[in-house]
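Q:
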Amino acid sequence: MTGKEGFDRRIEPFRTELTAYCYRMLGSAHEAEDLVQDTYLRAWRAREQYDDTRSSLRTWLYRIATNVCLTALEVHGRRPLPSGLVAASDPLGPLVQGEHAAWLQPLPDSLLEAGDPAGAVIDRSSLRLAFAAALQHLSARQRGALILRDVLSFSASETAEILGTTVVSVNSSLQRARTRVKEVGVRQERVSEPSAAEQRAWVERYMKAFELADVEGLKRLLTEDVIMEMPPMLNWFSGRSNYGLFMEWVFGAAGKDWLLKEVAANGGQPGFAAYQHVGDGYDLHTLQIFTVTDEGITRNSVFQDLNIYATFGLAAKLDDQGRAIAEA
């Protein structure tokens with residue numbers, strides 16, 4: 001395969017789905033982008049070695065991406081959420097900073113909307129935070145086997161080629177991965193997930209109640225077993241009552257004057273960036289991503305991380321009209 005422009009044209013349509021794949025493997029949007037860049041660099045260097053009589057271009061690229069991800073996982077390990085790491089806490093207890101260096105991160109939907117044809121084949125339900133968190137309980141090769149077989153629908157032989165192993169090994173890893181995912185109790189949101197418009201409507205009502213500091217209004221939008229977690233804090237809790245107690249504390253400690261900016265993450269999960277009134281403007285305080293079912297909001301994953309803010313392109317400060325303020 002020769003000719004840089006011709007080669008680039010052939011592999012570029014796979015960028016978005018490879019980004020989604022690397023995110024599922026690593027649980028980090030920033031790392032996923034870097035690993036895809038590394039994949040494309042390696043593919044360019046090895047382009048003369050590609051043999052289209054042995055495998056499709058897509059399979060070949062996935063093998064390169066998988067090797068890149070497996071190498072990265074040797075260094076970074078798992079990225080949990082607090083609910084997958086420690087026991088639930090008192091909603092009015094002190095906030096505890098976790099010592100874990102790397103937490104699961106949300107994936108901006110902007111990275112899935114590059115406009116290439118491959119975007120249409122992405123199973124967005126498999127990008128949900130709950131599923132991404134469940135994958136963190138698997139070994140690197142178990143993750144690969146589960147994603148390649150159950151999410152991307154590669155055959156057992158194709159998966160074995162991508163992972164550089166045997167079909168027997170793939171089937172064994174897949175069986176263990178499926179069992180482990182069931183054990184950690186990942187919710188099957190795709191079964192009861194309302195439409196994107198309905199999910200956004202739930203969160204818009206939540207935003208209105210938040211802006212009014214209306215705790216009872218917030219609680220009415222939650223399921224009884226709702227979960228809130230706040231990496232990098234270890235604190236997390238469940239239940240509508242606990243959620244309400246925590247939000248009363250938030251409004252008491254951080255004030256009731258907020259500006260909210262809508263965001264979308266992980267293949268359609270609605271959310272918002274919350275800006276707290278400070279001085280004569282508003283400072284970025286948290287990024288909140290919601291899981292919504294037909295019964296209401298079942299999870300709020302609240303992030304405080306400068307790298308995540310940057311990935312979502314969020315301004316650090318806003319004026320009183322909600323316009324970004326350039327930092328000096």
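The numbering of the sequence shown is the UniProt record's numbering, which starts it at 1 and goes up by one. Ideal Cβ placement from N, Cα and C applies to all residues, glycine included.
May I have a chain-ordered list of the alpha helix (DSSP H) segments no shorter than 4 residues that lie completely inside the region 162–212?
A: Fully enclosed alpha helix (DSSP H) runs of 4 or longer: 167–183, 189–192 and 196–211.
Q: Within a Cβ cutoff of 8 Å, which residues of the same chain sit near glutamine 105, ignoring the five residues on either side of it in sequence?
A: As a position in the sequence shown, residue 105 is number 105, starting the count at 1. Gly27, Ser28, Ala29, His30, Arg79, Phe303, Asp305, Asn307, Ile308 and Thr311, listed in sequence order.
Q: Mapping DSSP to helix, strand and coil, what is proline 108?
A: Taking the first residue of the sequence shown as 1, we reach residue 108 at position 108. Strand at proline 108.
Q: Between which two residues does the alpha helix (DSSP H) holding arginine 261 run?
A: Along the sequence shown, read from residue 1 onward, the residue named residue 261 stands at position 261. Going by the sequence as given, residue 261 is lysine instead of arginine. Here lysine 261 belongs to no alpha helix (DSSP H); instead the beta strand (DSSP E) covers 258–265.
Q: Among the candidates Thr286, Ala254 and Asp319, whose CA atom is the shortest distance from the CA of aspartate 280?
A: On the sequence shown, residue 280 is found 280 positions in, with the first residue counted as 1. Here the closest residue by C-alpha is Asp319.
Q: Put glutamate 224 into one of helix, strand or coil per three-state DSSP.
A: Within the sequence shown, the letter at position 224 stands for residue 224. Glutamate 224 falls in the strand class under three-state DSSP.
Q: Taking the Cβ atom as the reference point for each residue, do leucine 152 and tyrosine 21 lie within a distance shorter than 9 Å?
A: Looking up residue 152 in the sequence shown gives position 152. Looking up residue 21 in the sequence shown gives position 21. Contact: yes.
Q: In the DSSP assignment, what are the bridge partners of glycine 296?
A: The residue given as residue 296 occupies position 296 in the sequence shown. Glycine 296 is bridged to Thr293.
Q: Let me check understanding here. Comparing Cα to Cα, which of Ala315, Thr39 and Ile289 lies closest to glycine 109?
A: Indexing the sequence shown from 1 puts residue 109 at position 109. The question names glycine, yet the displayed sequence has aspartate at residue 109. With distances taken between Cα atoms, aspartate 109 lies closest to Ile289.
Q: Under the three-state reduction of DSSP, which class applies to residue 333: helix, strand or coil?
A: Lying before the first or after the last residue shown, residue 333 is absent from the chain, which here runs from 1 to 328.
Q: So the alpha helix (DSSP H) valine 86 belongs to, where does it begin and stop?
A: For the purposes of this step, residue 86 is taken as the residue at position 86 of the sequence shown. That residue, valine 86, is in no alpha helix (DSSP H); it is neither H nor E in DSSP.
Q: Given a cut-off of 9 Å, decide if threonine 53 and leucine 112 are closer than it, judged by their beta-carbon atoms.
A: Here residue 112 refers to the residue found at position 112 when the sequence shown is read from its first residue. Here residue 53 refers to the residue found at position 53 when the sequence shown is read from its first residue. Result no, Cβ atoms of leucine 112 and threonine 53 do not sit closer than 9 Å.
Q: CB-CB under 7 Å to arginine 176, same chain, minus the five flanking residues each way: which ones, in chain order?
A: Taking the sequence shown and counting its residues from 1, one reaches residue 176 at position 176. Gln142.
Q: Taking the alpha carbon of glutamine 321 as the reference point, which residue from Ile297, Lys261 and Gly271 has its own alpha carbon closest?
A: Indexing the sequence shown from 1 puts residue 321 at position 321. Minimum Cα distance to glutamine 321 is reached at Lys261.
Q: Taking 8 Å as the limit between beta carbons, can you name the residues of its chain near alanine 46, skipping five residues before and five after?
A: Here residue 46 corresponds to residue number 46 of the sequence shown, with the count starting at 1. For alanine 46, where only same-chain residues beyond five positions count, the Cβ hits under 8 Å are Ile64.
Q: Quick one: grab the DSSP three-state call for aspartate 283.
A: Within the sequence shown, residue 283 is the residue found at index 283, counting from 1. Reduced to three states, the DSSP call for aspartate 283 is strand.
Q: In or out: serine 238 buried (at least 16 other Cβ within 10 Å) or exposed?
A: Position 238 of the sequence shown holds residue 238. Classification for serine 238: buried.
Q: Is it true that the region 207–225 meets the region 167–182, where meeting means three or more beta-carbon pairs spaced less than 8 Å apart?
A: No: the two stretches stay apart, fewer than three of their Cβ pairs being nearer than 8 Å.
Q: Which residue comes first and which comes last in the alpha helix (DSSP H) that contains glutamine 142?
A: As a first step, residue 142 must be located in the sequence shown, where it is residue number 142. Element bounds for glutamine 142: 140–146.
Q: Return yes when the Cβ of leucine 234 is within less than 9 Å of the Cβ of glycine 144, no when it is not.
A: On the sequence shown, residue 144 is found 144 positions in, with the first residue counted as 1. On the sequence shown, residue 234 is found 234 positions in, with the first residue counted as 1. Not in contact: glycine 144 and leucine 234 (Cβ atoms no closer than 9 Å).
Q: How is the alpha helix (DSSP H) around valine 271 delimited, first residue to last?
A: Within the sequence shown, residue 271 is the residue found at index 271, counting from 1. Just to set this straight, residue 271 is glycine in the shown sequence, not valine. That residue, glycine 271, is in no alpha helix (DSSP H); its beta strand (DSSP E) goes 269–278.
Q: Work out the CA separation of alanine 326 and lysine 317 for me, nearest whole Å.
A: One-based indexing of the sequence shown puts residue 317 at position 317. One-based indexing of the sequence shown puts residue 326 at position 326. Roughly 8 Å between the two C-alpha positions.
Q: The alpha helix (DSSP H) that contains phenylalanine 251, what's its start and end?
A: Numbered from 1 along the sequence shown, position 251 holds the residue referred to as residue 251. 240–254 is the extent of the alpha helix (DSSP H) around phenylalanine 251.
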